[in-house]
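Residue 14 in numbering that gives the first Met the number 0 sits at position 15 of the sequence shown, with consecutive numbering throughout.
Just so you know, even glycine gets a beta-carbon here, dropped at the ideal spot from N, CA and C.
Predicted, not measured: the structure shown is a model, and the values here were computed from it.
Report on the structure given below.
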Amino acid sequence: MIDVRRLRVLRELADHGTIVAAAGALHLTPSAVSQQLTALARETGVALLEPDGRRLRLTDAAHVLLQHAHVVFAQLEQAEADLARHAAGHRSSLRIGAFPTALAQLVAPVVAALRHADELLSVQAVETDEPACFAQLAGGELDIVVSVETSGAPQQDDPRLHRTPLLADVLDAVLPADHRYAGATAVALEDLAADAWILALPGSSCEEITRVACATAGFTPRSTHSTNDWTATGALLAAAGAVTLVPRLAQPLLPAGLVVVPLAGASPTRHLFAATRRGASTAPVTARALNLLAETAASLRRIASTCG
Numbered sequence: 000m001i002d003v004r005r006l007r008v009l010r011e012l013a014d015h016g017t018i019v020a021a022a023g024a025l026h027l028t029p030s031a032v033s034q035q036l037t038a039l040a041r042e043t044g045v046a047l048l049e050p051d052g053r054r055l056r057l058t059d060a061a062h063v064l065l066q067h068a069h070v071v072f073a074q075l076e077q078a079e080a081d082l083a084r085h086a087a088g089h090r091s092s093l094r095i096g097a098f099p100t101a102l103a104q105l106v107a108p109v110v111a112a113l114r115h116a117d118e119l120l121s122v123q124a125v126e127t128d129e130p131a132c133f134a135q136l137a138g139g140e141l142d143i144v145v146s147v148e149t150s151g152a153p154q155q156d157d158p159r160l161h162r163t164p165l166l167a168d169v170l171d172a173v174l175p176a177d178h179r180y181a182g183a184t185a186v187a188l189e190d191l192a193a194d195a196w197i198l199a200l201p202g203s204s205c206e207e208i209t210r211v212a213c214a215t216a217g218f219t220p221r222s223t224h225s226t227n228d229w230t231a232t233g234a235l236l237a238a239a240g241a242v243t244l245v246p247r248l249a250q251p252l253l254p255a256g257l258v259v260v261p262l263a264g265a266s267p268t269r270h271l272f273a274a275t276r277r278g279a280s281t282a283p284v285t286a287r288a289l290n291l292l293a294e295t296a297a298s299l300r301r302i303a304s305t306c307g
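Here you go:
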């Protein structure tokens, strides 16, 4: 019989790439991880690792085993979800991870609704970002993650995850009040090519989306300041006479005195989604939270369409 705990070790190795990194994620020593993998190879009767230069890589047999492992873990999550329906009246908990804007605009209303509906439920909201949030989700540190589709996010067909689409969040140009296009009904992105730009930090979803949009418009933005904080962004826009793109979800967080101008043509958009471990989405508390997230996102969509 294959030990499920050893399957988890194999999955962490596949996710993190090295025994040392997998050991860190599992809070084990590298030696203990190696011993677990050796025991798993002995249980299955196949080689799971092979040399790849100075490193080790998973064998074809290991990848086959991983596909079965994804099914096993999803089934275990489903079992826990089914049993949770028989635990009425017992104290339960839910941990939701999200990036700061989503925490403020999406998660906070959901936390309030959940607390009001069930006084025995303990809800914890945690600021996190990719790719760390998906490792926390896989490791059981979080139950739900709210994130953005970027090049660093897991593939949409990732067998470990159940996804719930939430929001297509359009980005608009945000300008100082004295900018030459401040009175325009729309502005072409290429008309801002000569301006100084404030960008989010490298690796963030907004930075990636903005750079891709500018490249499509035929230029590279000249970044004079970088921050992920929308309050700081607003202050720097006015102080530096710079421009930026801001998602509509974040625009209420900007200080007064700035001008929001929609982009002409197709606007860059970030796509928000909620993710749970596959099999866990039907647990009563998790399902309720996902429904509330979808309802809150729908309300924000209506507001954004009216304002946009």
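Which class does residue i belong to by DSSP, given the choice of helix, strand or coil?
| i | result |
| --- | --- |
| R221 | strand |
| T17 | coil |
| H270 | strand |
| V147 | strand |
| T209 | helix |
| D51 | strand |
| E126 | strand |
| T275 | strand |
| H161 | strand |
| L262 | strand |
| S337 | The chain is shown only over 0 to 307; residue 337 falls outside these bounds and no answer can be derived. |
On the CB-based measure, 16 or more other CB atoms within 10 Å of its CB, does residue i come out buried or exposed?
| i | result |
| --- | --- |
| G217 | exposed |
| D228 | exposed |
| E294 | exposed |
| V127 | Checking the displayed sequence, the identity of residue 127 turns out to be Thr instead of Val. Buried, because 16 or more other Cβ atoms sit within 10 Å of the Cβ of T127. |
| S309 | In the structure as shown, the chain begins at 0 and stops at 307. Residue 309 is therefore absent and cannot be evaluated. |
| V147 | buried |
| M81 | Just to set this straight, residue 81 is Asp in the shown sequence, not Met. The residue in question, D81, is exposed, as its Cβ has fewer than 16 Cβ neighbours within 10 Å. |
| P267 | buried |
| V173 | buried |
| T184 | exposed |
| R53 | exposed |
| L316 | A query on residue 316 cannot be resolved here, the shown segment of the chain reaching from 0 to 307 and no further. |
| R221 | exposed |
| V63 | exposed |
| A296 | buried |
Could you tell me which residues DSSP puts in a beta bridge with residue i?
| i | result |
| --- | --- |
| D171 | V245 |
| I1 | Beta-bridge pairing links I1 to no other residue. |
| R56 | E49 |
Would you kindly report the start and end of the unbroken beta strand (DSSP E) that includes residue i?
| i | result |
| --- | --- |
| R94 | S91 to A97 |
| L39 | From DSSP, L39 is part of no beta strand (DSSP E) but of the alpha helix (DSSP H) over P29 to T43. |
In the DSSP assignment, the alpha helix (DSSP H) including residue i goes from what residue to what residue?
| i | result |
| --- | --- |
| L198 | Element bounds for L198: not the alpha helix (DSSP H) but the beta strand (DSSP E), A195 to L198. |
| V110 | A107 to A116 |
| Q135 | A131 to A137 |
Just checking: is the beta-carbon of residue i within a distance shorter than 7 angstroms of some beta-carbon in chain C?
| i | result |
| --- | --- |
| L248 | The displayed structure is made up of one protein chain only, and chain C is not part of it. |
So, do the segment 180-192 and the segment 255-273 have three or more beta carbon pairs nearer to each other than 8 angstroms? As far as the Cβ criterion goes, the segment 180-192 touches the segment 255-273, which means the pair count is three or higher.
Using a Cβ distance threshold of 8 angstroms, determine whether the segment 282-289 contacts the segment 197-212, with at least three qualifying pairs required. At 8 angstroms Cβ cutoff, the stretches do not touch.
Within the chosen definition, does the segment 229-248 reach the segment 134-142 through at least 3 CB pairs nearer than 8 angstroms? Because the criterion of three Cβ pairs below 8 angstroms is not met, the segment 229-248 and the segment 134-142 do not touch.
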